[in-house]
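If you count by mature numbering (1 follows the signal peptide of the UniProt record, and there is no 0), then the sequence shown holds residues -16 to -1, 1 to 202, one letter each, in order.
The C-beta atom is built at its ideal place from N, Cα and C for all residues, glycine as well.
Since this is a predicted model, take the numbers as computed values, not measurements.
A short write-up of the structure that comes next.
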Amino acid sequence: MKVLLVLLAFISLVYSADVSSELLDTPRFTLQGQVSLGAGMIAPKNWKARSRVLLDYGKYIGFIRDDGYFVVEGVPTGSYIVEVTNVDYIFEPIRVDITSKGNVRARKLNVLQPNSVSTLPYPLRLQARQPTKYFRQREQWRATDVLMNPMVIMLGVAFILMVVTPKLAANDPELKKELEQTMQVPKVDMPDVADVLANMFGGGQKKAIKGKPAKRQR
């Protein structure tokens, strides 16, 4: 048992040494930029101190200084999503590609069309898009909502036809005659429901009884 524990400890030390050497050999770079609010937006107190610059949703974190600039250090080569988190404002995330030589290429993050590339200048310029809305505005009653209801529109059209059409027909004899002809429903001889049910359930026996000859009396 002791031999197994010693062997596991030795393997873990070797693995950690390999990982640390790989981390040391991987080149690291610095990402920098500036954060600002949009035109006409009211800046809350200490909003920069309460904001963070996140790479890949917190894998690397940068802090914003009083002048609005930020620096994220120790970033290896690769592609990252850069976004600013703030409780009062929403910032548009962007995508950043860092090459092995340290060249930084920024572009807009387009999830619907990843192939469309819209490059951005570097150092980064991150600006607030809109204030954060935590509550939805309550809907108010409006008369136009009732008038634009499909049922109300159908009733209104039917009422207009019922009122206007007879007046137009009264002035035009030919139109009146055509309307009378179209409104006349031809009478169709429909069987009585009671007779149909009687024939279905008891009509056959009654016919048999009626057809039976009477017995002669002696």
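(message) Can you find the residues in the same chain that come closer than 8 angstroms, C-beta to C-beta, to Arg113, ignoring five residues on each side of it along the sequence?
(response) Gly22, Tyr73, Ile74, Phe75 and Glu76
(request) Can you give me the Cβ contacts of Val88 inside the same chain, cut-off strictly under 7 angstroms, excluding the 5 residues immediately before and after it? (result) Leu15, Val80, Ile82 and Tyr106
(message) On a Cα-Cα basis, can you pick out the residue from Val101, Leu139 and Gly17 that is closest to Asp51?
(response) Gly17
(request) Can you check the region 93 to 175 for any alpha helix (DSSP H) of at least 4 residues that lies completely inside it and give the ranges in chain order? (result) 127 to 131, 134 to 155 and 157 to 167
(request) Would you check if the region 135 to 143 and the region 45 to 63 touch, i.e. whether three or more CB-CB distances between them fall below 8 angstroms? (result) no
(request) To the nearest angstrom, report how far apart Thr128 and Pro150 are at their CA atoms. (result) 30 angstroms
(message) For the beta strand (DSSP E) containing Gly17, name the first residue and the last one.
(response) That run of the beta strand (DSSP E) goes Arg12 to Ser20.
(request) Go through its chain and collect everything with a Cβ distance to Glu67's Cβ below 7 angstroms, but skip five positions before and after it. (result) Leu38, Phe75 and Pro77
(request) Enumerate in chain order the residues of its own chain whose CB-to-CB distance from Ser63 is below 6 angstroms, with the five nearest sequence positions on each side excluded. (result) Same-chain partners within the cutoff: Asp81.
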